[in-house]
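Residue numbers (the numbering used here): 1302 to 2339.
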């Protein structure tokens, strides 16, 4: 551009821009760069890297790695298959409905290799939204996975499942294509300003320009590993996926589960020594709050999608990271400004335009001077084609360029102003389009969805900021049926939420609803939107001032609820969990109670007593009676409950209880509950290896697709071979232990009862803080349904997965040192009645199973120690308490000294192999088996952490229990914090649950050793360096 050429005066607002100032704005936009490969496409540039570094690792996903050659060959095969089944031309669109894995990256490349553009259609989107995207973009084909095949057929005319590709025979040669830089690369759907999602059509040249700039200016040339954590329906994913592949470096793909878990993301950053990562400020804020954040080595942090606050910027700068703050709408291809942050002062602006991009601040199509706030308008090579299939909307947003004839600029709808150093200060949105946790949301789209609900008139949705990164959507709506009492209003709101889930993603469903007879109107006859939120805030602020309480207990507890839930209009009769509470918040509630209250109420009590009123009542009553929550009278009541429930064997009739030995040795069909649990997936793995059986897996899910996906995710999470899922020997059955007939219809229940030869009952609620009264439904009532199933049609043997903890801390009462497989567990009832609800439920389950056995059901009972990890891969159930203990102790450099405390740590693969081996032997029926360490190999808590120190150079110090507790009990970010009650609630003799387990029983395992002596794993492995090293690496602490 000729910097001396001034625009037409009519383009200048009020002709207030002085010549020198206008030249300065033109200088800010002097960004031309002709060195970028704009004559090539993205796939061209990636294929160049394949030739240059064919054997370098391109993709890492969990335990899988693909080289550039392998990635390229698979993408070629997939592209060739797609081109065989449909005719594809440049600018055609192919939908992509696939989960996060290496398959996602290969699929993206394959679609481009065909010459088509990809259209993200994430499987988590509601079906109606997927149908809308499919229809709007007119896709030729939908590429998906088996898990989503049913949905794919509902939303697209033609689909292809990844698993159905002819991988063995399809050519791996690069397909021929006529793709050019001005052809489409993707059509990305955003929340539309006219109420529905609109597809933004982006060309290869747009992306090549954007990524070339970031490769040159932002991403270090020596970038080794970049983390892909953004959803592929969010255009920032384009930068994190393709820029790293354009430079021949390595892309680490976060799984769907890890993507949602800040702790897991940080573990990936540590494990793979990530050098570049990009996500929204909301996510960076959560990552910076994790316990291991400070361990991350300096890296390039790209931060965009929403406002980067000074507070977060300061936090990120502490780690000596390089921070790049970026800005840009989808319509202008990812990012169009960038700013390297070196100090808090740098956070005041979003930087200046990237290469080959020009930006103007405008009002009514006129250019504004420096310092004047107006609409940010963007021109240049990054500009997309506009909205696919919506030319009128495109013309309204992509207007004629004020300085370049024949070119366009895009009106972003964002406010900003130039500052004298050539950077832009962002000033928010013009319209009602907002960003929450990085998602761009059009409030009008939500309003239209609410207005379509039965009985609703007008609707307005507003954003209620809670903090820099916590914004809540509030829905205000007219409902002619007003007035409603509180009960009916709550039921109505619950119904609204359920209906909205069918059409809107979860992040677009309002946090709260305000039902009104009429929405307020301002003097112009329009809805007074400002008054709505002002009144909402006023009601929230003033609620505790008007509140009347029965006593100080209610008032104190109410104050804590209000503080941690941040929820308006709390009543003393409200249910904690229905107001958004969960186990972590409950732990916060418990820890913030005064000490005198915690003497009277346990964390488990809070699960049972879910209202302020009931919590206050129990504290008041126990205070008056001067009893603690571990009082003997309460313990006797629990014993009575357990003994009563032990009689709950269902009415069954077994005519012939004899089992053919051949059926047990070589079953054709087995039923497994708890299949997607840590132990459950390892049982599947062993059944696949040791038998030819078809395994029917009972899994909760709305449909088989979702249930299968959960199973697939469990295999990937625990690093087991997913190829078992493609053998046809694993069948998913959607059901629920909580429901009659296992949640199956009567017809399916009866069919399976005839088909199944034996049952492995691994499914149960494993929760270390929920009380027995809550766990009882899934574990006790669920077992009743399993017993009914075992007796229906034909008798089937049941392998019951129990726990060595059914003996609890019974040694405190029996004064024995050993327990044997045939011991009567009644001897330990005094201890069990004071133990965790989970342990109590397992004790009752064994009692019920024994009575079912007396009625003719063949039974094998396996008492499992603590499944520490897979001895080979180190995979573990990170959500269980021992993993949290390890992370906490390493972080706090201390562990508790509890003399002789043992958790019977055993590798899960040993457990699974032993269970399947033993269960196939008919003479195992009627016996109990301890899957616990040999006494001489058992590891105390002190031994365990001493070994970690010795083997790996950690410096954890042994501390007396209470001193160790003090290192973390007030840290709400500590991994153990959600389990606080396990470590602080007094259960017996003024000692906590962990303290009373000192000098734990030794476990005899004569039956187990006798039955596995002819297997290839005759003894439980010693917990040594070979087992601990992969375990600690999986936990990302090594």
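Using N, Cα and C, we set each Cβ at its ideal position, and we do this for glycine too.
Of the candidates 1862, 1964, 1760, 1760 places its Cα closest to the Cα of residue 1822.
In the DSSP assignment, residue 1970 is bridged to 1995.
If you look at residue 1371, you'll find it in the alpha helix (DSSP H) that goes 1369-1386. Straight-line spacing of the CA atoms in residue 1340 and residue 1480 works out to 11 Å. The DSSP assignment places no complete run of the alpha helix (DSSP H) inside the segment 2210-2246 (cut-off: 4 residues). Each of 1533, 1926, 2216 was checked against the Cα of residue 1404, and the nearest Cα belongs to 1533. Note on residue 2244: under 16 other CB atoms within 10 angstroms of its CB, so exposed under the neighbour-count rule. Counting only residues of its own chain and dropping the five nearest sequence neighbours on each side, residue 1705 has no CB closer than 6 Å to any other CB. For secondary structure counted as the alpha helix (DSSP H) over 4 or more consecutive residues, the segment 2245-2311 holds these complete runs in sequence order: 2262-2267, 2281-2285, 2294-2297. Of the residues assessed, residue 1905 falls on the buried side of the cut-off, its CB having 16 or more other CB atoms within 10 angstroms.
Following the DSSP letters along the chain, one finds residue 1959 in no beta strand (DSSP E), marked with neither H nor E. Per DSSP, residue 1677 is not a residue of any alpha helix (DSSP H); the beta strand (DSSP E) it occupies stretches across 1675-1681. With respect to the 8 Å criterion, residue 1920 and residue 1901 are classified as neighbours on the basis of their beta carbons.
Note that the C-beta distance between residue 1790 and residue 1775 is not below 8 Å. Rounded to the nearest whole angstrom, the CA to CA distance from residue 2078 to residue 2039 is 6 Å.
Assignment of residue 1504 by DSSP, reduced to helix, strand and coil, places it in the strand class.
DSSP places residue 2102 in the strand class (E or B) of the three-state scheme. Of all alpha-carbon atoms in 2017, 2013, 2093, 2072, the one lying nearest the alpha-carbon of residue 2049 is that of 2093. Contact between residue 1597 and residue 1570 holds, with the beta-carbon distance rounding to 5 Å and staying under 8 Å. Contact check between the segment 2196-2212 and the segment 2155-2173: three or more CB pairs, one atom from each, fall below 8 Å, which counts as touching. Around the CB of residue 2018, 16 or more other CB atoms lie within 10 Å, so the residue is classed as buried.
For residue 1727, the closest of 1661, 1429, 2229, 2292 by C-alpha to C-alpha distance is 1661. Annotated three-state conformation of residue 2158 is coil, per DSSP. Following the DSSP letters along the chain, one finds residue 1579 inside the beta strand (DSSP E) bounded by residues 1577-1580. With fewer than 16 neighbouring CB atoms inside 10 Å of its own CB, residue 1599 falls in the exposed class.
Burial is judged here by how many other beta carbons sit within 10 angstroms of a residue's own beta carbon; residue 2119 has fewer than 16 and is exposed.
Straight-line measurement puts the Cα of residue 1322 at about 11 Å from the Cα of residue 1719. With fewer than 16 other CB atoms across the displayed protein chains lying within 10 angstroms of its CB, residue 1468 is exposed. With respect to residue 2034, residue 1997 sits close: the two C-beta atoms are nearer than 8 Å. With fewer than 16 other beta carbons inside 10 angstroms of its own, residue 1707 counts as exposed.
By the C-beta density criterion, residue 1895 is exposed, having fewer than 16 other C-beta atoms within 10 angstroms.
Here residue 1962 is exposed, its C-beta having fewer than 16 other C-beta atoms within 10 Å. Between residue 1685 and residue 1634, the gap from beta carbon to beta carbon is short of 8 Å. Taking a contact to require three or more Cβ pairs closer than 8 Å, the segment 1382-1393 and the segment 1411-1419 qualify as touching. Distance from residue 1380 to residue 1411 at the Cβ level is roughly 4 Å; contact confirmed, criterion being Cβ atoms closer than 8 Å. For residue 2052, the enclosing alpha helix (DSSP H) stretches over residues 2047-2056.
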